[in-house]
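Residue numbers (the working numbering): 312 to 373.
Positions of the beta carbon are idealized from the N, C-alpha and C atoms, including for glycine.
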Amino acid sequence: MEKPDPDKIKGPGGLTLRQIHEQVKLSTVRDREESAQDKAEQAISRWQRFTRYIWRKNKGKP
């Protein structure tokens, strides 16, 4: 039995299966980059929260 050609089969919206596959790959990479940026920003805010806590704690001491 011969496998169907992904360039000839049309999916939703008239895109070929190969085009859909490429779009999904690009979308996945973009989502991973965004989630990595979100995690980096979250780590910065935790660090800032920690430093502010220490700063306030030591501010009242002579």
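Distance CB(residue i)-CB(residue j) smaller than 7 angstroms
| i | j | result |
| --- | --- | --- |
| D342 | R329 | no |
| G325 | I331 | no |
Beta-carbon contacts of residue i that lie in its chain and below 7 angstroms, excluding the five residues immediately before and after
| i | result |
| --- | --- |
| P315 | none |
| W366 | none |
6 angstroms Cβ shell around residue i - same chain, five flanking residues per side excluded
| i | result |
| --- | --- |
| T339 | none |
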